[in-house]
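Below is one structure; the comments refer to it alone.
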Amino acid sequence: AAVRVAPGMVPQALANTLWAYTSLSSLRDVILPSSYAAVWELVCNMEAYDFIFEQRMMLFHAHLMHQSFLSSRAPTNISTPPWLMVEARDAWMSQSHDDVTVSRSQRELAQILDKLGVRHEVEHVTDDGYFSIDIYLPDHDIAVEFDGPSHYYSNSESSPGDGDGTTTRTAKTELRDLFLAKQ
Numbered sequence: 001a002a003v004r005v006a007p008g009m010v011p012q013a014l015a016n017t018l019w020a021y022t023s024l025s026s027l028r029d030v031i032l033p034s035s036y037a038a039v040w041e042l043v044c045n046m047e048a049y050d051f052i053f054e055q056r057m058m059l060f061h062a063h064l065m066h067q068s069f070l071s072s073r074a075p076t077n078i079s080t081p082p083w084l085m086v087e088a089r090d091a092w093m094s095q096s097h098d099d100v101t102v103s104r105s106q107r108e109l110a111q112i113l114d115k116l117g118v119r120h121e122v123e124h125v126t127d128d129g130y131f132s133i134d135i136y137l138p139d140h141d142i143a144v145e146f147d148g149p150s151h152y153y154s155n156s157e158s159s160p161g162d163g164d165g166t167t168t169r170t171a172k173t174e175l176r177d178l179f180l181a182k183q
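The numbering of the sequence shown is full-length UniProt numbering, which starts it at 1 and goes up by one.
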């Protein structure tokens with residue numbers, strides 16, 4: 001059914017679908033559907049300007065997941081558009097480098113580490129340049145991530161950290177940790 005529907009999908013639906021396919025497969029070992037390569041092929045027939053900034057980020061994230069976690073078990077080779085490694089990568093890099101907020105908790109831990117004489121880096125960029133670690137302890141190869149409310153889904157009766165209801169880590173947070181563990 002997805003193969004029949006895919007040709008009529010708008011850019012947002014294509015980006016959402018590829019991100020969902022690669023996320024589920026990376027995090028939950030869900031088998032990629034037969035339409036996976038067909039959806040990538042549709043993206044290949046489009047130009048970068050057909051996708052807004054956020055969609056280009058999603059496509060690059062899907063590409064990273066495919067390369068890092070799925071390429072060895074994907075049922076088929078996929079095609080990616082030439083602009084993926086330029087415009088989509090630039091969107092991803094812009095978000096990962098420019099959209100950085102140092103929290104009060106990060107600053108407080110950095111001050112404590114300074115007082116203890118522990119060498120550390122705040123917002124350390126990974127070797128591949130794709131991720132930023134909240135605090136990195138290079139002498140121990142330890143990454144510290146501060147997961148605030150935006151890193152959790154919660155039911156309507158609670159908010160993360162209040163002790164009531166149910167909270168679940170977001171897929172983006174789980175994926176970040178999966179990528180960092182691989183570094």
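From the three backbone atoms N, C-alpha and C, an ideal C-beta is built for every residue, glycine too.
With DSSP as the reference, label residue i as helix, strand or coil.
{"i": "S79", "result": "coil"}
{"i": "S34", "result": "coil"}
{"i": "E174", "result": "helix"}
{"i": "V122", "result": "strand"}
{"i": "T166", "result": "coil"}
{"i": "A50", "result": "Note that residue 50 corresponds to Asp in the displayed sequence, not to Ala. Helix at D50."}
{"i": "Y130", "result": "coil"}
{"i": "V144", "result": "strand"}
Could you check how far apart the C-beta atoms of residue i and residue j are, in whole angstroms? I think they sit under 8 Å.
{"i": "Q183", "j": "T101", "result": "Between T101 and Q183 the Cβ distance is about 21 Å, and since that is not below 8 Å, they are no contact."}
{"i": "Y130", "j": "W92", "result": "7 Å"}
{"i": "A15", "j": "M58", "result": "4 Å"}
{"i": "A37", "j": "I78", "result": "5 Å"}
{"i": "D134", "j": "E123", "result": "7 Å"}
From residue i to residue j, what does the alpha carbon distance come to, in whole angstroms?
{"i": "T22", "j": "H97", "result": "23 Å"}
{"i": "K115", "j": "E121", "result": "14 Å"}
{"i": "R119", "j": "P149", "result": "28 Å"}
{"i": "G8", "j": "A62", "result": "20 Å"}
{"i": "P11", "j": "S154", "result": "29 Å"}
{"i": "D139", "j": "Q106", "result": "18 Å"}
{"i": "P33", "j": "K172", "result": "21 Å"}
{"i": "E174", "j": "V30", "result": "15 Å"}
{"i": "R169", "j": "D147", "result": "9 Å"}
{"i": "D177", "j": "S132", "result": "11 Å"}
{"i": "V43", "j": "S103", "result": "37 Å"}
{"i": "L109", "j": "Y152", "result": "22 Å"}
{"i": "L180", "j": "R4", "result": "37 Å"}
{"i": "T17", "j": "R73", "result": "19 Å"}
{"i": "A13", "j": "Q55", "result": "9 Å"}
{"i": "F53", "j": "Q95", "result": "10 Å"}
{"i": "E41", "j": "P82", "result": "12 Å"}
{"i": "L113", "j": "S35", "result": "50 Å"}
{"i": "M65", "j": "V144", "result": "22 Å"}
{"i": "F60", "j": "D99", "result": "17 Å"}
{"i": "G117", "j": "G165", "result": "40 Å"}
{"i": "D128", "j": "Q111", "result": "27 Å"}
Are three or more beta carbon pairs between the segment 41-53 and the segment 81-99 nearer than 8 Å?
Yes: the two stretches touch, three or more of their Cβ pairs being nearer than 8 Å.
Residue ranges of each alpha helix (DSSP H) run of no fewer than 4 residues wholly in the segment 71-118, ordered along the chain?
87-98, 104-116, all fully within the segment 71-118.
Inter-stretch contact (C-beta, 8 Å, three-pair minimum) for the segment 61-72 and the segment 25-41
yes
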